[in-house]
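A.B. asks: Those letters in the sequence shown? Residues 2 to 183, per our numbering, in order.
Beta carbons: idealized from backbone N, C-alpha and C, even for Gly.
Quantities reported herein were computed from a predicted structural model and do not represent experimental measurements.
Before I ask anything, here is the structure I am working with.
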Amino acid sequence: VRWGRTYCPGATTIYSGRAAGSPWFGKGGTSDYLCLTNVPSYDYTPDGSNNNHYSKLYGVEYDILGDRKGPSDTSISSPLKVVSQNNMPCAVCASYGRNEVLMIPGTDRCPTGWSEEYDGYLGTQPTHIQRGRTICIDEDAESLGDLRSHSEHYVSPIVLMKAYTGNLPSGYNSQQFLTCVV
2 VRWGRTYCPG ATTIYSGRAA GSPWFGKGGT SDYLCLTNVP SYDYTPDGSN NNHYSKLYGV
62 EYDILGDRKG PSDTSISSPL KVVSQNNMPC AVCASYGRNE VLMIPGTDRC PTGWSEEYDG
122 YLGTQPTHIQ RGRTICIDED AESLGDLRSH SEHYVSPIVL MKAYTGNLPS GYNSQQFLTC
182 VV
């Protein structure tokens, strides 16, 4: 999955969609991010009874700058500032002739003998909510600006990650956003 893009540069786009995840509030739900199709199909229609045995799924919103700050706020510097507070697209890709896909956190370079699909920044749930899956957000991230959320209660936020260096290898810097490569 190419997180933060509506298509797959250099590969075949199987489908483009919308990144989704569990909401920031409450417990339960998925710790994974999902790339939902833009056109859903259903096999079952509930009978309307008040059944609370289900989990909620919301669209992922870039929360890069935090506290509802928009891209025009000049007080914060971030590599993905331009998409902050907008909804995240995704694309499912196929790279024919390649047998392995690997996301490497902490670098934007592939090992010798591997081919890069894209590089970017590590993203996950904010630290004040439940733990979530870590994904590699494309460094050329796009947004679904037309679907921008206006209430922080109905989104699954995603933030960039930094390494705190207590017992990590030397070279990691707690002031830098962590990179990744796929």
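If you compare alpha carbons, which of P106, G172, N100 is closest to G114?
C.D. replies: Taking the sequence shown and counting its residues from 1, the one referred to as residue 114 is at position 113. It is N100.
A.B. asks: Which of the three DSSP states is assigned to G107 in this structure?
C.D. replies: Start at 1 with the first residue of the sequence shown, and residue 107 comes out as number 106. Of the three classes helix, strand and coil, the one that applies to G107 here is coil, per DSSP.
A.B. asks: So is S32 buried or exposed if we call it buried at 16+ other beta carbons inside 10 Å?
C.D. replies: Stepping through the sequence shown from its first residue, residue 32 is reached at position 31. Flag for S32 reads exposed.
A.B. asks: Kindly list the residues whose CB is nearer than 6 Å to the CB of G124, restricted to its own chain and excluding five residues on each side of it in sequence; keep chain order.
C.D. replies: Looking up residue 124 in the sequence shown gives position 123. Answer for G124: I136, I138, I159, L161, listed in chain order.
A.B. asks: May I ask you to verify whether the region 81-91 touches the region 140-147, counting CB pairs closer than 8 Å and requiring at least 3?
C.D. replies: With a cut-off of 8 Å, the region 140-147 and the region 81-91 count as touching, because enough Cβ pairs lie within range.
A.B. asks: Can you give the Cα-Cα distance for S171 and T108, rounded to whole angstroms?
C.D. replies: As a first step, residue 171 is located in the sequence shown; it is residue number 170 there, counting from the start. As a first step, residue 108 is located in the sequence shown; it is residue number 107 there, counting from the start. Near 14 Å, if we compare the C-alpha coordinates of T108 and S171.
A.B. asks: Rounded to whole angstroms, what is the Cα-Cα separation between E62 and V40?
C.D. replies: The residue given as residue 62 occupies position 61 in the sequence shown. The residue given as residue 40 occupies position 39 in the sequence shown. Approximately 19 Å, taken between the alpha carbons.
A.B. asks: Assign I15 to buried or exposed, taking buried as 16 or more other Cβ atoms, counted over all protein chains shown, within 10 Å of its Cβ.
C.D. replies: Within the sequence shown, residue 15 is the residue found at index 14, counting from 1. It counts as exposed.
A.B. asks: Going by Cα to Cα distance, which pick from Q176, D64, T7, T13 is closest to T38?
C.D. replies: Against the sequence shown, residue 38 aligns to sequence position 37. Nearest C-alpha to T38: T7.
A.B. asks: If you follow the beta strand (DSSP E) that C9 is part of, which residue opens it and which one closes it?
C.D. replies: What you label residue 9 is simply residue 8 of the sequence shown in a count that begins at 1. From DSSP, C9 is part of no beta strand (DSSP E); its letter is neither H nor E.
A.B. asks: Figure out for me which residue from S23, W25, R134, A95 has the closest Cα to the Cα of V2.
C.D. replies: As a working note, residue 2 is residue 1 in the sequence shown. Closest by alpha carbon: A95.
A.B. asks: For the beta strand (DSSP E) containing E62, list its first residue and its last residue.
C.D. replies: Numbered from 1 along the sequence shown, position 61 holds the residue referred to as residue 62. From DSSP, the beta strand (DSSP E) with E62 extends over 59-63.
A.B. asks: Residues bridged to K163 by DSSP?
C.D. replies: Along the sequence shown, one-based indexing puts residue 163 at 162. DSSP, once it has assigned bridges, lists F178 as partnering K163.
A.B. asks: W25 and S157 look like a contact to me (Cβ under 8 Å); what is the Cβ gap, rounded to whole Å?
C.D. replies: Taking the first residue of the sequence shown as position 1, residue 25 is located at position 24. Taking the first residue of the sequence shown as position 1, residue 157 is located at position 156. Confirmed, about 7 Å.
A.B. asks: Go ahead and label W103 buried or exposed: buried means 16 or more other beta carbons lie within 10 angstroms of its beta carbon, across all protein chains shown.
C.D. replies: Translated into positions along the sequence shown, residue 103 becomes position 102. With the sequence shown as reference, residue 103 is identified as Leu, and Trp is not the correct amino acid for it. With fewer than 16 other Cβ atoms within 10 Å, it is exposed.
A.B. asks: Between the Cα of P106 and those of S23, L179, P127, A12, spot the shortest distance and give me the residue it belongs to.
C.D. replies: Position 105 of the sequence shown, counted from the start, is the residue given in the question as residue 106. Minimum Cα distance to P106 is reached at L179.
A.B. asks: Relative to the alpha-carbon of R134, which residue among S78, E140, G5, S23 has its alpha-carbon at the smallest distance?
C.D. replies: What you label residue 134 is simply residue 133 of the sequence shown in a count that begins at 1. For the residues S78, E140, G5, S23, the minimum Cα distance to R134 belongs to S23.
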